[in-house]
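**Q** Can you read through this structure? Questions will come right after.
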Amino acid sequence: MSLDKFDKKILQELQQNGRISNVELAGRLNLSESACLRRVKSLEDSDYIESYTALLNQKNMGLTDTVFVHIVLRREEQTELAAFESAIKKIPEVMECYLMTGEFDYLLRIVVSNMADYERLHNESLTRLPGIARVNSSFAIRTVRKTSQLPI
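First residue of the sequence shown: 1, per full-length UniProt numbering; consecutive thereafter.
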């Protein structure tokens, strides 16, 4: 499916406000409500729209610290990678995990309430992950830019 100008506008609007009503969305695009709904359904069915979700305020949830963690595994074999990835998915504080090129094997973005919370997570979870050779952590001082909106 290739995206036309209406599809792109729908995606832009939904990224800004996933709770927008179909009536309002159709009005903003100068489309009939039924045509707009068909297009949204098509975008969902084609996996351009993965899900609808509420973005929570990290600090208001008591998770004031963001930690970026570089992980180095002992070996980069498929079984090691699979075991690590399976285990990392079970740690709720891990918001994102990327397999990387370069000096480190994985990059994690972790949220915690404070340094002591991270120390607990480091000692009880991160250093016990399968295949871990090294864990290198950096605390974010402040967030300069954070968005979930993709460029369209």
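Yeah, the Cβ is synthetic: ideal placement off N, Cα and C, and Gly gets one too.
Just list the residues that DSSP pairs R19 with in beta bridges.
**A** DSSP lists no partner for R19.
**Q** Using 8 Å as the threshold, is the region 29-48 in touch with the region 60-75, meaning 3 or more CB pairs across them?
**A** No, because fewer than three Cβ pairs between the region 29-48 and the region 60-75 fall closer than 8 Å, the two stretches do not touch.
**Q** Answer yes or no: do L73 and V94 have a C-beta to C-beta separation smaller than 8 Å?
**A** Cβ atoms of L73 and V94: not closer than 8 Å.
**Q** Identify whether L108 lies in helix, strand or coil by the three-state DSSP scheme.
**A** If DSSP states are grouped into helix, strand and coil, L108 belongs with the strands.
**Q** For T79, name the three-state secondary structure that DSSP assigns.
**A** Of the three classes helix, strand and coil, the one that applies to T79 here is helix, per DSSP.
**Q** Could you check the C-alpha separation between E103 and A133 for me, to the nearest Å?
**A** If I take the Cα positions, the gap works out to 13 Å.
**Q** Confirm, please, whether the CB-CB distance from L56 to L49 is below 8 Å.
**A** Looking at the sequence shown, residue 49 is not Leu but Ile. Not closer than 8 Å, so no.
**Q** Any idea what DSSP makes of L37, helix, strand or coil?
**A** Residue state, collapsed to three classes: helix.
**Q** Might you give, ordered along the chain, the residues of its own chain that have their beta carbon closer than 6 Å to the beta carbon of N136, omitting 5 neighbours on each side?
**A** Excluding residues within five positions, the ones whose Cβ falls inside 6 Å are H70.
**Q** Could you name the residues that DSSP lists as bridge partners for H122?
**A** DSSP output for H122 lists no bridge partner at all.
**Q** Using the three-state DSSP reduction, which class does E85 fall into: helix, strand or coil?
**A** Three-state result, E85: helix.
**Q** Can you tell me which of T64, R142, L126 and A116 puts its alpha carbon nearest to the alpha carbon of Y106?
**A** It is L126 whose Cα lies nearest to the Cα of Y106.
**Q** What's the call for F84, buried or exposed, on a 16-neighbour Cβ count within 10 Å?
**A** When all chains shown are included, F84 counts as buried.
**Q** Check I152 in the structure and name its three-state DSSP category.
**A** Coil at I152, not helix or strand.
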